[in-house]
Structures are given as structure tokens and as C-alpha cells.
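> With positions in the sequence shown counted from 1, the corresponding number in this note's numbering is that position plus 76.
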Amino acid sequence: FNEDGQFVSKFGEYGFEEGRLNFPNGIAVRADGSIIVSEKSQNRLQVFDRDGNLIQTVGDMGKRDGQFNCPVSLALDPYGYLFVVDMINQRVQKFDPELNFVAKWGVIGKEPGQFKDPAGMGLSWEPDWAPTED
Numbered sequence: 077f078n079e080d081g082q083f084v085s086k087f088g089e090y091g092f093e094e095g096r097l098n099f100p101n102g103i104a105v106r107a108d109g110s111i112i113v114s115e116k117s118q119n120r121l122q123v124f125d126r127d128g129n130l131i132q133t134v135g136d137m138g139k140r141d142g143q144f145n146c147p148v149s150l151a152l153d154p155y156g157y158l159f160v161v162d163m164i165n166q167r168v169q170k171f172d173p174e175l176n177f178v179a180k181w182g183v184i185g186k187e188p189g190q191f192k193d194p195a196g197m198g199l200s201w202e203p204d205w206a207p208t209e210d
């Protein structure tokens with residue numbers, strides 16, 4: 077959609093193969109216009125150019141670094157690092173701008189720093205702002 081709310085274009089077709097989408101549920105747009113899509117049913121990320129052509133596929137099912145079990149939310153930082161909420165694995169994974177695994181954190185639980193089925197995230201670069209729990 078453009079700034080006036082008019083439909084401009086779409087891409088993607090249903091399917092399981094690389095380049096097709098099955099239960100896409102997270103999206104992040106890079107500064108270069110490429111689009112990263114998470115698919116929770118396929119346990120992968122797919123990167124498309126602005127015309128919808130597949131550039132790269134990252135991840136598969138599993139618990140190891142760079143693998144996913146239901147990636148549900150994406151966020152990019154100003155430096156191009158990607159953060160992925162990996163719901164069933166109860167963690168967040170961090171990838172560099174080339175989508176190489178960098179770090180992970182989180183375990184299941186209810187204490188600070190622990191997760192119970194995380195479903196989304198947001199990033200803020202304002203140093204004086206932070207969410208609080210009552």
C-alpha cells in the first residue's frame with residue numbers, strides 16, 4: 077500500500093517449497109528494501125527482494141543455534157541485526173546483517189529473563205524508555 081492507502085502490489089504464493097509461503101507471520105523490511113518473512117509452520121526465514129524474488133532461506137526445524145521451532149516475530153535494529161522470537165524454543169535469536177547466527181537468550185519460566193510462549197517483540201533505541209511490569 078502507498079501512503080494514501082492504495083493497493084500497490086503483492087507477492088507470494090501458498091506452498092511448502094522455498095520461495096513459497098506457508099503460514100507467514102512475521103515480517104521485517106531492511107534498509108535496502110529486501111523483505112524478511114518468518115514462517116512458523118516451516119520453521120524458516122525467507123528473504124525476498126522488493127519484487128518478491130527469493131534471495132535467501134535461513135533455518136530449519138530444531139533447537140540448535142540458527143534453527144527454529146515456530147519463529148513468530150521479527151525485529152531489525154538500526155545496524156541491520158535481526159532478532160527472531162522462537163516461540164516453542166522459548167528464546168530470542170540474534171542474527172548479523174548477513175543472517176549468520178550471533179547469539180540467543182531465554183529459557184522457559186516465569187522469572188525475569190525467562191519466557192512462556194513468547195509471541196512478539198519490539199525494539200526501542202530511546203535510552204530512557206523501557207517497559208515495566210506492575
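Think of the CB as a built atom: it goes at the ideal place given N, C-alpha and C, for glycine as much as any other residue.
1) Using a threshold of 8 Å, state whether the C-beta atoms of Phe34 and Leu121 are closer than that.
2) Identify the continuous beta strand (DSSP E) that holds Arg167 and give its terminal residues.
3) Does the count of Cβ pairs from the region 135-145 and the region 184-198 closer than 8 Å reach three?
4) Between Val113 and the rest of its own chain, which residues show a CB-CB distance below 6 Å, the 5 nearest in sequence each way excluded?
5) So Phe42 packs on Asp141, CB below 8 Å; how close in whole Å?
6) Report back the beta-carbon spacing between Gly128 and Gly88 to the nearest angstrom; my notes put them in contact at under 8 Å.
7) Quick one: what does DSSP say Arg126 is sitting in, helix, strand or coil?
8) Report, in whole angstroms, the separation of the C-beta atoms of Lys180 and Gln169, which I expect to be a contact under 8 Å.
9) Using the Cα positions of Gly109 and Pro188, report the straight-line distance between them to the nearest angstrom.
10) By Cβ distance below 6 Å, which residues in the same chain neighbour Asn175 in space, the five residues on each side in sequence not counted?
11) How would you call Met137, buried or exposed, if buried means at least 16 neighbouring beta carbons within 10 angstroms?
Taking the geometry as given:
1) The chain is shown only over 77 to 210; residue 34 falls outside these bounds and no answer can be derived.
2) From DSSP, the beta strand (DSSP E) with Arg167 extends over 167-171.
3) The region 135-145 vs the region 184-198: no contact.
4) Counting only residues of its own chain and dropping the five nearest sequence neighbours on each side, Val113 has a CB closer than 6 Å to the CB of Pro100, Ile103, Gln122.
5) Given that the chain is displayed from residue 77 to residue 210, the structure contains no residue 42 and the question cannot be resolved.
6) The Cβ separation is near 7 Å, so the contact holds.
7) Reduced to three states, the DSSP call for Arg126 is coil.
8) Taking 8 Å as the upper bound for CB-CB distance, Lys180 and Gln169 are in contact here, some 5 Å apart.
9) Across the structure, Gly109 and Pro188 are spaced so that their CA atoms are roughly 35 Å apart.
10) What sits at residue 175 in the sequence shown is Leu, not Asn. Val134, listed in sequence order.
11) Residue burial is scored here from C-beta neighbours: Met137 has fewer than 16 other C-beta atoms within 10 angstroms and is therefore classed as exposed.
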